[in-house]
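So the number in the working numbering is just where the residue sits in the sequence shown, counting from 1, plus 20. These notes concern the structure reproduced below.
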Amino acid sequence: MKLVKSNKQKTYEHIFKAAKDNDKQTFRELFLRLHDRDQHEVFHLLYPDKKRKISEFLTPEEFAEIFEWMETEDQEAAVQYLPDEYMAEVFNFMAADDVAHFLSESDITDNQALLAMMDDEERQRVQELLSYEPETAGSIMTKEFITVHHTQTTAEVVSKLRTIGREAETIYYLYVVNEKDRLVGVLSLRDLLLSPEDETVANIMFTQVVSVNVNEDQEYVARVIQDYDLLAIPVLGHDGTIQGIITVDDVMDILEEEVTEDFNEFSAIKRSDDDRKVTAFGTAKSRIPWIVILLFLGTITGSLIGIFEETLESVVLLAAFIPMIMDTAGNVGTQSLAVAVRNLTIDDERDRDGFFQTVKNELGAGMIMGLVAGVVIIGLISIVYGNPVLAFIISISMFITISISTVIGATIPVIITKFKIDPAVASGPFITTINDSLGLLIYFTIATMLIEFL
């Protein structure tokens, strides 16, 4: 049967019908013409009873290519619906790091049972990766890489590539080792192919190798690959031997996870692998501590209004500009916070020069923004309300508030880091509440000092 050439949706419908009719030949003919990503989508859309048919329609090797594209939720569904023996064979055809990642992420999978059914060599590779601490270089590296000896010729290396190249995660980098299996260089595919056949690897390899230790944090690894524009980076043991490599596609997944985590923490939301699996009680429990802290800080704002009640009663119009002062203070502080947290992820938090430079830049930017905002406000309020003293009070309050808020936003992440707390956790709501109170204090203090002129 020819593949339907209209749109993808019609192709999917024919595949679903073939699955419903148990038409293995038609299913395979249509399904295997799709891209791996589209095959994953088809599996996701299949009813549970049809998912169970996959083990009859596809070989473990064919399904392994699809499994690697799946989100953890769909992978768990596959393990749930398909026979254990079939899934163990699927794992045998997958990269060890992908299997280890799934087993470490899944909460419902019987890891030991599936591992016991795998081939000995593949099982040992997966178990080695699972033995490392989570979110370290060792836990995310792949064992499928190619090493060559520094005394080999390029012709010998090319021959080796043709023999085992398909088994490697990438062949763009070949890792050169010495007699003790220690990493001494890297050979690019380009240099290999452009060199004479009798040239030795030692003469064309790159010796200034960028590498990471197996216990290095995965976020640091991602930054190194990003900074050096690498396709892959070798992971070394304590003795200098190469244990695995981490590729750029794995790094992209890490960076996405870190961005999602930081975004949630900026909003004081606890990270969850799958929010749909979290109960309402669990969600509330993770957020209540922050709500209580913010409520406590919020009472400071209320107290300030009470303290300066006499000033407000004397000039009621002052109350109209409270939201503007508070919003500006919170927004400016959050912007500075984002810059500070980003700098902490790039530089060592112990770099005093970098810290003071950040504070200096933010203070300068705050003073410039405050000056511009003050000039705009003093003109606008004078025209609209015809009260230059009120305009001056709001203008000078805005200038001081913006200047100080930027400094607070830049310094708090560093202070939090000293207490071994993720700086992103003390971000958005926390900074906003502090700067709100500070802005009000400055505003009311200046207004009280100049109230006799209003």
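C-beta: ideal position from N, C-alpha, C; glycine also.
Check whether residue i and residue j have beta carbons under 8 angstroms apart
{"i": "V221", "j": "L250", "result": "no"}
{"i": "M114", "j": "I266", "result": "no"}
{"i": "V409", "j": "L470", "result": "yes"}
{"i": "D201", "j": "T261", "result": "yes"}
{"i": "L52", "j": "V62", "result": "no"}
{"i": "S75", "j": "P103", "result": "yes"}
{"i": "L149", "j": "A116", "result": "yes"}
{"i": "S334", "j": "M387", "result": "no"}
{"i": "L212", "j": "V234", "result": "no"}
{"i": "E425", "j": "N455", "result": "According to the sequence displayed, residue 425 carries Ser and not Glu. Cβ atoms of S425 and N455: closer than 8 angstroms."}
{"i": "V206", "j": "T167", "result": "no"}
{"i": "Q95", "j": "F122", "result": "yes"}
{"i": "L314", "j": "P449", "result": "yes"}
{"i": "I420", "j": "I462", "result": "yes"}
{"i": "L134", "j": "L203", "result": "no"}
{"i": "T190", "j": "A252", "result": "yes"}
{"i": "V379", "j": "T431", "result": "yes"}
{"i": "I86", "j": "H60", "result": "yes"}
{"i": "M138", "j": "N112", "result": "yes"}
{"i": "E239", "j": "I274", "result": "yes"}
{"i": "L317", "j": "T453", "result": "yes"}
Residue of the options minimising C-alpha distance to residue i
{"i": "I414", "options": "A349, T426 and T453", "result": "A349"}
{"i": "T173", "options": "L181, V197, D211 and E217", "result": "E217"}
{"i": "D56", "options": "V119, L400 and E88", "result": "E88"}
{"i": "S151", "options": "A120, L134, K180 and D140", "result": "A120"}
{"i": "L324", "options": "R145, M346, V312 and I311", "result": "M346"}
{"i": "W472", "options": "V434, N455, F419 and T331", "result": "Note on identity: in this sequence residue 472 is Glu, with Trp being the wrong assignment. The shortest C-alpha separation from E472 is found at T331."}
{"i": "S457", "options": "D140, S417 and G390", "result": "S417"}
{"i": "Y67", "options": "K37, N131, D58 and E85", "result": "K37"}
{"i": "I245", "options": "V229, V434 and V312", "result": "V229"}
{"i": "D69", "options": "K40, L50, I320 and E239", "result": "K40"}
{"i": "F226", "options": "V232, S215, E219 and S208", "result": "S208"}
Extent of the continuous beta strand (DSSP E) to which residue i belongs
{"i": "T183", "result": "No beta strand (DSSP E) holds T183; the alpha helix (DSSP H) holding it covers T174 to I184."}
{"i": "T267", "result": "I262 to T267"}
Anticipated Cβ contact below 8 angstroms, residue i with residue j, distance rounded
{"i": "Y192", "j": "P254", "result": "The pair is not a contact, with the Cβ atoms about 13 angstroms apart (cut-off 8 angstroms)."}
{"i": "A385", "j": "I397", "result": "At roughly 18 angstroms, the Cβ-Cβ gap does not stay under 8 angstroms, so A385 and I397 are not in contact."}
{"i": "G459", "j": "A360", "result": "The pair is not a contact, with the Cβ atoms about 19 angstroms apart (cut-off 8 angstroms)."}
{"i": "F83", "j": "R48", "result": "In fact, because the Cβ distance is near 12 angstroms, the residues do not count as touching under 8 angstroms."}
{"i": "K71", "j": "A97", "result": "7 angstroms"}
{"i": "G158", "j": "Q263", "result": "7 angstroms"}
{"i": "F464", "j": "F341", "result": "So it is not a contact: roughly 11 angstroms between Cβ atoms."}
Cβ-heavy atom distance, residue i to the ligand FAD, below 7 angstroms
{"i": "I224", "result": "Only the bare structure without any ligand can be found here, which leaves the ligand FAD out of the picture."}
First through last residue of the alpha helix (DSSP H) which encompasses residue i
{"i": "A252", "result": "That residue, A252, is in no alpha helix (DSSP H); its beta strand (DSSP E) goes A252 to L256."}
{"i": "K70", "result": "P68 to K71"}
{"i": "I128", "result": "Counting along the chain, I128 falls outside any alpha helix (DSSP H), and DSSP gives it neither H nor E."}
{"i": "A115", "result": "No alpha helix (DSSP H) contains A115, which DSSP labels as neither H nor E."}
{"i": "V99", "result": "T92 to Y101"}
{"i": "V241", "result": "Q238 to Y248"}
Any C-beta of chain C under 8 angstroms from that of residue i
{"i": "L135", "result": "The structure shown contains no chain C; it is built from a single protein chain."}
Item to check | Segments assigned beta strand (DSSP E), at least 3 residues, entirely inside the region 136-211 | outcome: 167-169, 193-197 and 203-208
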